[in-house]
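A.B. asks:
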Amino acid sequence: MIFDRNEDKEVVALLGAGSMGTAIVRRIAAGRRILLGDISEKNLEKAAEGFRYGGYDVVTQTVDATDKESVKAFAAKAAGLGRVKYFIDTAGASPNQARPEHIVKLDMVGTGYAIDAFGEVMAQGGAGLVISSQAGYMCSIPDEVESAILNSTTEGLADIPYIRETAMQNSGMAYTVAKRVNHLQVMRAAATSWKQRRARINSISPGVIVTPLAYDEFSAAGDGYQQMIDSSSAERCGTSDEIAEASAFLLGEHAGFITGIDLLMDGGVIASIRTGCYKLQVR
Ligand SMILES: NC(=O)c1ccc[n+]([C@@H]2O[C@H](COP(=O)([O-])OP(=O)(O)OC[C@H]3O[C@@H](n4cnc5c(N)ncnc54)[C@H](O)[C@@H]3O)[C@@H](O)[C@H]2O)c1
């Protein structure tokens, strides 16, 4: 049976076919063609099956977000499928899942490869979204270092002395710095490569969202997470569906005047830290 006779469909590309990414795509992809990319064949197959049985048009490609050529091939695949209207990057590893070198390579440099590659294929009027983290609000990078980051190429990021010396200290530092750098990468792209394509790009910084990645953090982090949740205004974790709701807004036409920004969605954790109501224990 032919479920959909439309051929000329807009493309929604997702890099990192995990919990938050698939929730976002489900919210925006009806009537469009989905390209899912992930390093894990298993995750790809599971996500694609869910979309297929949900009535979506879905194509998959294995991609390693830390490999520039692999990411470029993924973007080229998206462009070959039609007008690339939306790109979402959720490929990442958390502090308890990886060593600092890998976090910098994936969450920072890999995100840069994706922003660069999709900055060459986005359709006019298209929009991108990078999933950063509330952790990006937990470090303060000196102004002159932020300027160097904003003016750096993606390849040059790992050579910035602050990244080499501070971010590499431990996985927690690597993660917070990488997630702050994501905000700056989005800002830079919005003003340069994505602007040239007449496309917008923003990021969302989620707080604690219950996904398998978060379970890895809970089990390794003692009672720090519980205290953080208890001292936040929401007094609960968030869900991927809530992130998807805000993502649909930022990607959609009602956000046509919004580009280059980060939206913090943390249930008030950062407010609690900044006001001293919760004392962050940096590991
Ligand atoms: N869950 C949370 O509480 C939380 C909070 C803040 C930020 N985040 C960030 O949100 C993003 C998505 O997290 P999630 O909770 O949906 O996690 P998830 O583990 O469900 O999804 C991440 C996906 O990225 C894929 N991936 C990992 N390495 C890759 C690589 N080299 N190339 C391609 N794909 C790769 C994984 O296979 C997985 O499918 C991550 O960047 C994470 O740091 C998560």
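Residues 12 to 294 (this note's numbering) make up the sequence shown, in order.
By construction, the Cβ of each residue, glycine as well, lies at the ideal position given by its N, Cα and C atoms.
Quick caveat, the model's predicted, so the values are computed rather than measured.
With 16 other CB atoms within 10 Å as the buried threshold, where does GLN207 fall?
C.D. replies: Position 196 of the sequence shown, counted from the first residue, corresponds to residue 207. Result: exposed.
A.B. asks: Which residues does DSSP list as the beta-bridge partners of ALA217?
C.D. replies: Looking up residue 217 in the sequence shown gives position 206. According to the sequence shown, residue 217 is Pro rather than Ala. Paired residues: MET276.
A.B. asks: Enumerate, from N- to C-terminal direction, the unbroken alpha helix (DSSP H) stretches of 4 or more residues contained entirely within the region 131-183.
C.D. replies: Qualifying alpha helix (DSSP H) stretches, in chain order: 154-161.
A.B. asks: Would the region 255-266 and the region 281-290 be scored as touching if the rule is three or more Cβ pairs under 8 Å?
C.D. replies: No, the region 255-266 is not in contact with the region 281-290.
A.B. asks: Below 8 Å, is the gap between the Cβ of THR101 and the nearest heavy atom of ligand 1?
C.D. replies: Residue mapping note: residue 101 aligns to position 90 of the sequence shown, counting from 1. Yes, ligand 1 has a heavy atom inside 8 Å of this Cβ.
A.B. asks: Just reading off the alpha helix (DSSP H) that ILE114 is part of, what are its end residues?
C.D. replies: The residue given as residue 114 occupies position 103 in the sequence shown. From DSSP, the alpha helix (DSSP H) with ILE114 extends over 111-114.
A.B. asks: Shortest alpha-carbon distance to LEU92 belongs to which of GLY121, MET119, PHE129 and ILE45?
C.D. replies: Taking the sequence shown and counting its residues from 1, one reaches residue 92 at position 81. With distances taken between Cα atoms, LEU92 lies closest to ILE45.
A.B. asks: Where do the ends of the alpha helix (DSSP H) carrying LYS96 lie?
C.D. replies: Sequence index remark: in the sequence shown, residue 96 carries index 85 (1-based). Where LYS96 is concerned, there is no enclosing alpha helix (DSSP H), although the beta strand (DSSP E) it sits in stretches over 95-100.
A.B. asks: Helix, strand or coil, according to DSSP, for ARG16 in the structure here?
C.D. replies: Within the sequence shown, residue 16 is the residue found at index 5, counting from 1. If DSSP states are grouped into helix, strand and coil, ARG16 belongs with coil.
A.B. asks: Just to confirm the assignment, what range does the beta strand (DSSP E) spanning ASP68 have?
C.D. replies: Numbered from 1 along the sequence shown, position 57 holds the residue referred to as residue 68. ASP68 -> beta strand (DSSP E) spans 68-73.
A.B. asks: Would the beta-carbon of ILE99 fall within 9 Å of that of VAL141?
C.D. replies: Position 88 of the sequence shown, counting from 1, holds the residue named residue 99. Position 130 of the sequence shown, counting from 1, holds the residue named residue 141. Yes, the Cβ-Cβ distance between ILE99 and VAL141 is below 9 Å.
A.B. asks: Helix, strand or coil for ARG211 per DSSP?
C.D. replies: Against the sequence shown, residue 211 aligns to sequence position 200. The answer is strand: DSSP assigns ARG211 an E or B state.
A.B. asks: Below 8 Å on the Cβ atoms is my contact criterion, and I expect GLU228 with SER105 to pass it. Report the Cβ-Cβ distance as a whole number of Å.
C.D. replies: Looking up residue 228 in the sequence shown gives position 217. Looking up residue 105 in the sequence shown gives position 94. Contact flag correct, Cβ pair sits at about 5 Å.
A.B. asks: Since GLY61 is in the alpha helix (DSSP H), which residue starts that stretch and which ends it?
C.D. replies: Position 50 of the sequence shown, counting from 1, holds the residue named residue 61. Segment 52-64, the alpha helix (DSSP H) holding GLY61.
A.B. asks: Alpha carbon to alpha carbon, how far is THR164 from ALA40? Give it in angstroms, no decimals.
C.D. replies: Within the sequence shown, residue 40 is the residue found at index 29, counting from 1. Within the sequence shown, residue 164 is the residue found at index 153, counting from 1. Roughly 32 Å between the two C-alpha positions.
A.B. asks: Shortest alpha-carbon distance to LEU182 belongs to which of HIS113, GLY235 and LYS88?
C.D. replies: Taking the sequence shown and counting its residues from 1, one reaches residue 182 at position 171. Inspection of the sequence shows that residue 182 is occupied by Ser rather than by Leu. Closest by alpha carbon: HIS113.
A.B. asks: Which of helix, strand or coil does DSSP assign to LEU313?
C.D. replies: The displayed coordinates of the chain run from 12 to 294. Any statement about residue 313 would go beyond what the structure contains.
A.B. asks: Closest to ASN162 by CA distance: which of ALA189, ALA202 and GLN180 is it?
C.D. replies: If you number the sequence shown from 1, residue 162 lands on position 151. The shortest C-alpha separation from ASN162 is found at ALA202.
A.B. asks: Helix, strand or coil for GLY287 per DSSP?
C.D. replies: Counted from its first residue, the sequence shown places residue 287 at position 276. Three-state result, GLY287: coil.
A.B. asks: Does the distance between the C-beta of LEU275 and the nearest non-hydrogen atom of ligand 1 fall short of 8 Å?
C.D. replies: The count along the sequence shown starts at 1 and reaches residue 275 at position 264. LEU275: no, Cβ never under 8 Å from ligand 1.
A.B. asks: Applying the criterion that 16 or more other CB atoms from any shown protein chain within 10 Å of the CB defines a buried residue, is GLN237 buried or exposed?
C.D. replies: Locating residue 237 in the sequence shown gives position 226, where the first residue counts as 1. Burial call: exposed.
A.B. asks: Using alpha carbons as the reference points, say which of LYS290, ALA89, ARG43 and GLY130 lies closest to GLN196.
C.D. replies: As a working note, residue 196 is residue 185 in the sequence shown. The residue with the shortest Cα to Cα distance from GLN196 is GLY130.
A.B. asks: Given PRO217, which residues of its chain have a CB within under 6 Å of its CB, disregarding the five upstream and five downstream residues?
C.D. replies: Here residue 217 is taken as the residue at index 206 of the sequence shown, counted from 1. Excluding residues within five positions, the ones whose Cβ falls inside 6 Å are ILE254 and MET276.
A.B. asks: Any heavy atom of ligand 1 inside 8 Å of the beta-carbon of ILE220?
C.D. replies: Residue numbering aside, residue 220 sits at position 209 when the sequence shown is read from its first letter. Answer for ILE220: yes, Cβ within range of ligand 1.
A.B. asks: Note down the Cα distance separating VAL36 from ILE220, rounded to an integer number of angstroms.
C.D. replies: As a working mapping, residue 36 is identified with position 25 in the sequence shown. As a working mapping, residue 220 is identified with position 209 in the sequence shown. Their Cα atoms are separated by approximately 17 Å.
A.B. asks: In the DSSP assignment, the beta strand (DSSP E) including LEU46 goes from what residue to what residue?
C.D. replies: In the sequence shown, the residue the question calls residue 46 occupies position 35. Element bounds for LEU46: 44-49.
A.B. asks: Along the chain, where does the beta strand (DSSP E) that runs through VAL120 open and close?
C.D. replies: On the sequence shown, residue 120 is found 109 positions in, with the first residue counted as 1. From DSSP, VAL120 is part of no beta strand (DSSP E); its letter is neither H nor E.
A.B. asks: Apply the 10 Å Cβ neighbour rule to ASP234 and answer buried if 16 or more other Cβ atoms are within range, or exposed otherwise.
C.D. replies: Along the sequence shown, one-based indexing puts residue 234 at 223. Exposed: under 16 other Cβ atoms inside 10 Å.
A.B. asks: With the cut-off set at 9 Å, would you say MET119 and ALA178 are in Cβ contact?
C.D. replies: Here residue 119 is taken as the residue at index 108 of the sequence shown, counted from 1. Here residue 178 is taken as the residue at index 167 of the sequence shown, counted from 1. Yes, these two residues count as a Cβ contact at 9 Å.
A.B. asks: Can you check which of these residues, SER30, LEU25 and ARG43, is closest to ASP15 by C-alpha distance?
C.D. replies: Your numbering for residue 15 matches position 4 in the sequence shown. Of the listed residues, the one whose Cα sits closest to ASP15 is ARG43.
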